[in-house]
Amino acid sequence: MGKYSIKELEQLSGIKAHTIRIWEKRHNIISPSRTATNIRFYSDADLKKIMNVSLLNNCGIKISKIADMTTNDINQQVMQISNVKNEALIHIDQLVVAMIDIDEEAFEKILSNLILRNGFFKTITEIIYPFLEKIGVLWLTQNITPAHEHFIVNLIRQKIIVAIDGLPIPPKTAKRILLYLPEGELHELGLLFYNFIARNAGFRTYYLGQNVPHADLVSVYKEHRPDYLITSVTTTPKDPVEGYFDRLRKDFPTIPILISGYQVERYKGMPFGNIQPFSTALELSALLQANTKQ
Numbered sequence: 064m065g066k067y068s069i070k071e072l073e074q075l076s077g078i079k080a081h082t083i084r085i086w087e088k089r090h091n092i093i094s095p096s097r098t099a100t101n102i103r104f105y106s107d108a109d110l111k112k113i114m115n116v117s118l119l120n121n122c123g124i125k126i127s128k129i130a131d132m133t134t135n136d137i138n139q140q141v142m143q144i145s146n147v148k149n150e151a152l153i154h155i156d157q158l159v160v161a162m163i164d165i166d167e168e169a170f171e172k173i174l175s176n177l178i179l180r181n182g183f184f185k186t187i188t189e190i191i192y193p194f195l196e197k198i199g200v201l202w203l204t205q206n207i208t209p210a211h212e213h214f215i216v217n218l219i220r221q222k223i224i225v226a227i228d229g230l231p232i233p234p235k236t237a238k239r240i241l242l243y244l245p246e247g248e249l250h251e252l253g254l255l256f257y258n259f260i261a262r263n264a265g266f267r268t269y270y271l272g273q274n275v276p277h278a279d280l281v282s283v284y285k286e287h288r289p290d291y292l293i294t295s296v297t298t299t300p301k302d303p304v305e306g307y308f309d310r311l312r313k314d315f316p317t318i319p320i321l322i323s324g325y326q327v328e329r330y331k332g333m334p335f336g337n338i339q340p341f342s343t344a345l346e347l348s349a350l351l352q353a354n355t356k357q
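Under the numbering used here, read the sequence shown as residues 64 to 357, first letter to last.
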């Protein structure tokens, strides 16, 4: 069971701590527990309820009316609103609740409906990416376990793979992109989505996945001669990032190297020869679309 301070509840729900306290005292919306040393904390159930109450309140329902609803009434009202309103924050909070409950059926239903309504690319960039950022907050506050993370990542991964499989096979004359993660990089969800973007833009792709030894990368490059490399550096590398840039420029001097990730953000806009850092999937999509027109 998760344990949240009021500041963590504020960060996750978007509701100011002062407002949460008012809702507690005046309307008994939630009731915090206390530790043996009398420190207040909130449970997963409190987090889920405050998210749903916030959603209803933002949709114009008075807090006094919400306070008279049962938890089941609140949940049903939220479902009705989410079926009508197509607002990102509503769906992100629903996904968070499904993740906390490890409710595969609910998560699958929400995600499938979003893809049908918005399309795959928009769903990933406008819903799933912010949702994953929210998961990061839960992880930092130690309120989800590796089981929660693996549960969600695997469901999203399946959706991306299905979307890639549904794309037409590019012609043999299409430009080629090699996608990989360096040694030590294990989180491939972003790279998998980059593969979708590249395929959707008409490129042939060679997807090597996570934790690729550099010697293997060079070997595949020499055999297939791709027109681009795409990679991501998120975890702290053993060697300085600048040194890795130098290694890439030395071994792949003639092709553009598109690179993202937390560890390369500060290098964006700096001159690094054929290395081009990017921040978002939208940026990558624009870069690849521009190159297909050349």
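C-beta atoms are modelled at their ideal positions from N, C-alpha and C, and glycine is treated no differently. The structure displayed is predicted, hence computed values, not measured ones.
Excluding the five sequence neighbours on either side, which residues of its own chain have a C-beta within less than 8 Å of the C-beta of residue i, listed in chain order?
i: residue 239; result: 266, 267, 268, 269, 287, 288, 289, 290 and 291
i: residue 197; result: 75, 155 and 159
i: residue 342; result: 323, 328 and 331
i: residue 97; result: 103 and 104
Just reading off the beta strand (DSSP E) that residue i is part of, what are its end residues?
i: residue 272; result: 267-275
i: residue 239; result: 239-245
i: residue 291; result: 291-295
i: residue 323; result: 320-323
Could you check how far apart the C-beta atoms of residue i and residue j are, in whole angstroms? I think they sit under 8 Å.
i: residue 321; j: residue 280; result: About 15 Å; that fails the 8 Å criterion.
i: residue 274; j: residue 249; result: 6 Å
i: residue 304; j: residue 296; result: 6 Å
i: residue 111; j: residue 163; result: 7 Å
i: residue 271; j: residue 242; result: 7 Å
i: residue 130; j: residue 81; result: Not a contact, Cβ separation roughly 17 Å.
i: residue 124; j: residue 86; result: That belief does not hold up - the Cβ atoms of residue 124 and residue 86 are roughly 13 Å apart, past 8 Å.
i: residue 223; j: residue 255; result: 5 Å
i: residue 294; j: residue 245; result: 6 Å
i: residue 83; j: residue 69; result: 6 Å
Sort the options by Cα distance to residue i and report the nearest one.
i: residue 137; options: 159, 113, 349 and 283; result: 113
i: residue 71; options: 91, 99, 106 and 253; result: 106
i: residue 143; options: 179, 173 and 167; result: 173
i: residue 121; options: 244, 68 and 78; result: 78
i: residue 253; options: 195, 97, 314 and 350; result: 195
i: residue 351; options: 306, 118, 307 and 263; result: 263
i: residue 258; options: 230, 193 and 353; result: 230
i: residue 180; options: 211, 207 and 145; result: 145
i: residue 325; options: 307, 298 and 126; result: 298
i: residue 193; options: 134, 235 and 344; result: 344
i: residue 167; options: 135, 92, 216 and 208; result: 216
i: residue 104; options: 65, 141, 135 and 116; result: 65
i: residue 117; options: 210, 73, 135 and 94; result: 73
Only counting the same chain, and skipping five residues up and downstream in sequence, which positions put a Cβ closer than 6 Å to that of residue i?
i: residue 169; result: 161
i: residue 214; result: 165
Who are the Cβ neighbours of residue i in its own chain at under 7 Å, not counting the five residues just before and after it?
i: residue 319; result: 291, 337 and 339
i: residue 191; result: 219
i: residue 115; result: 137, 138 and 141
i: residue 237; result: 265, 266 and 267
Span of the alpha helix (DSSP H) holding residue i?
i: residue 393; result: Residue numbering for the chain in the displayed model covers 64 to 357; residue 393 lies beyond these limits and cannot be assessed.
i: residue 340; result: Per DSSP, residue 340 belongs to no alpha helix (DSSP H); it is in the beta strand (DSSP E), 338-340.
i: residue 175; result: 167-181
i: residue 306; result: 304-314
i: residue 162; result: 151-163
i: residue 248; result: No alpha helix (DSSP H) contains residue 248, which DSSP labels as neither H nor E.
i: residue 82; result: 80-90
i: residue 74; result: 69-76
Original post:
Given 8 Å as the limit, is there contact between the stretch 153-168 and the stretch 183-199, that is, 3 or more CB pairs closer than that?
Top reply: By the Cβ criterion, the stretch 153-168 is in contact with the stretch 183-199, since at least three pairs of Cβ atoms, one from each stretch, lie closer than 8 Å.
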